[in-house]
Amino acid sequence: MDILYLSGSPRKKSNTDYLLMQMLSETAGEFIKISDYWIEPCGSCWKCLKLGRCIIDDDMSNELMPRLLKADALILGSPVYFNNVSSQMKAFIDRTWCLKGKLRNKIGGAVVVGRNDGAEGAITAIHAFFLKHDMIPANRGVHGYAYATQEIEEDPEAMESAKKLSARILELGKIIETGSVPATRKQYISGKEC
Ligand SMILES: Cc1cc2nc3c(=O)[nH]c(=O)nc-3n(C[C@H](O)[C@H](O)[C@H](O)COP(=O)(O)O)c2cc1C
Numbered sequence: 000m001d002i003l004y005l006s007g008s009p010r011k012k013s014n015t016d017y018l019l020m021q022m023l024s025e026t027a028g029e030f031i032k033i034s035d036y037w038i039e040p041c042g043s044c045w046k047c048l049k050l051g052r053c054i055i056d057d058d059m060s061n062e063l064m065p066r067l068l069k070a071d072a073l074i075l076g077s078p079v080y081f082n083n084v085s086s087q088m089k090a091f092i093d094r095t096w097c098l099k100g101k102l103r104n105k106i107g108g109a110v111v112v113g114r115n116d117g118a119e120g121a122i123t124a125i126h127a128f129f130l131k132h133d134m135i136p137a138n139r140g141v142h143g144y145a146y147a148t149q150e151i152e153e154d155p156e157a158m159e160s161a162k163k164l165s166a167r168i169l170e171l172g173k174i175i176e177t178g179s180v181p182a183t184r185k186q187y188i189s190g191k192e193c
């Protein structure tokens, strides 16, 4: 399975990057730091509706969009900024408007890190991205508590929940690949484990 980890944190030694890298070590995949790329904001020109592609000539159109289309799972990680995702992540999300219908049934994972407040807003923004694209959100997402760089290492619950998200992504990948639901779920559906 081709898993793409996208971080919306602009800083070095970022807490968000740390959690995403932890997950990547368990699932394999590719890590992309959005701030390393030139991404213009969506100009709402609506030309994509006619042309089927974005007319902006930047790294988002030329490099990231083709990469997104190839991936089986997109894990979006962002620091919490004013109860939402970072502006880098928001610009990235908005620019995928022209890909409507093309990310369908890819698996989505949400990871956010904030100091103390507003994580729900950031998770909701990422899940809205998944749902707008008819993607499959793997679970309710990971919320880490951290302020200074690398502080996330002292949040064992975030690590634990990142592990659960990794496992769930692999599980969904297998279900999609094989077209078969694991036995425990089948038993549940048939009422044997209710
Ligand atoms: C512009 C800005 C806005 C922020 N807003 C919030 C916020 O609303 N809630 C919160 O808990 N933390 C907020 N923070 C703190 C960051 O979420 C926190 O430092 C986080 O660890 C950053 O993640 P990173 O290391 O991956 O960049 C804000 C930080 C910045 C720079």
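Residue numbers for the sequence shown follow numbering that gives the first Met the number 0, beginning at 0 and rising by one.
For each residue, glycine too, the CB sits at the ideal point set by N, CA and C.
For residue i and residue j, which I take to be in contact (beta-carbon distance under 8 Å), what is that distance rounded to the nearest angstrom?
| i | j | result |
| --- | --- | --- |
| Met59 | Arg94 | 5 Å |
| Leu5 | Leu73 | 7 Å |
| Asn14 | Ile122 | Rounded, the Cβ-Cβ distance is 15 Å, inconsistent with contact. |
| Ile31 | Leu75 | At roughly 10 Å, the Cβ-Cβ gap does not stay under 8 Å, so Ile31 and Leu75 are not in contact. |
Cα separation between residue i and residue j?
| i | j | result |
| --- | --- | --- |
| Ile174 | Ala137 | 12 Å |
| Asp57 | Ala182 | 46 Å |
| Lys11 | Pro78 | 12 Å |
| Gln149 | Leu68 | 32 Å |
| Cys193 | Ser179 | Reliability fails at Cys193, whose pLDDT of 41 lies under 50, so the model's placement of it is uncertain and the value that follows must be treated cautiously. Cα to Cα, Cys193 sits roughly 20 Å from Ser179. |
| Glu153 | Ile33 | 25 Å |
| Ile54 | Phe129 | 23 Å |
| Pro9 | Glu176 | 34 Å |
| Glu159 | Met22 | 10 Å |
| Gly120 | His132 | 19 Å |
| Met64 | Lys49 | 18 Å |
| Asn104 | Ala124 | 18 Å |
| Tyr36 | Glu62 | 9 Å |
| Asp16 | Ile168 | 18 Å |
| Thr110 | Pro155 | For clarity, residue 110 is Val in the given sequence; the question names Thr instead. Those two C-alpha atoms are separated by around 15 Å. |
| Ile66 | Gly117 | The amino acid occupying residue 66 in the given sequence is Arg; Ile does not appear at that position. Between Arg66 and Gly117, the C-alpha separation is close to 30 Å. |
Starting from the Cα of residue i, find the closest Cα among the options and give me that residue.
| i | options | result |
| --- | --- | --- |
| Lys162 | Met20, Asp1, Arg10 and Ser13 | Met20 |
| Ala127 | Met88, Leu63, Glu153 and Ser43 | Met88 |
| Glu25 | Leu171, Ala166, Glu176 and Thr177 | Ala166 |
| Asn115 | Ala147, Asn104 and Ser86 | Ala147 |
| Ala27 | Asp1, Glu176 and Pro40 | Asp1 |
| Gly108 | Pro9, Gly100, Leu50 and Glu170 | Glu170 |
| Pro40 | Met64, Ile168, Ser86 and Lys131 | Ser86 |
| Leu18 | Leu164, Leu130 and Ala124 | Leu164 |
| Gly194 | Pro9, Ala70, Lys99 and Asn104 | The structure shown does not extend to residue 194, since the chain is modelled only from 0 to 193, so the question has no answer here. |
| Glu29 | Gly120, Glu119 and Asp71 | Asp71 |
Is it true that the CB of residue j sits closer than 8 Å to the CB of residue i?
| i | j | result |
| --- | --- | --- |
| Val84 | Gly7 | yes |
| Ile106 | Gly42 | no |
| Cys44 | Trp96 | no |
| Ile38 | Phe81 | no |
| Ala157 | Gly140 | no |
- Ordered list of beta strand (DSSP E) runs contained in the region 66-132, each at least 3 residues: 72-78 and 106-113
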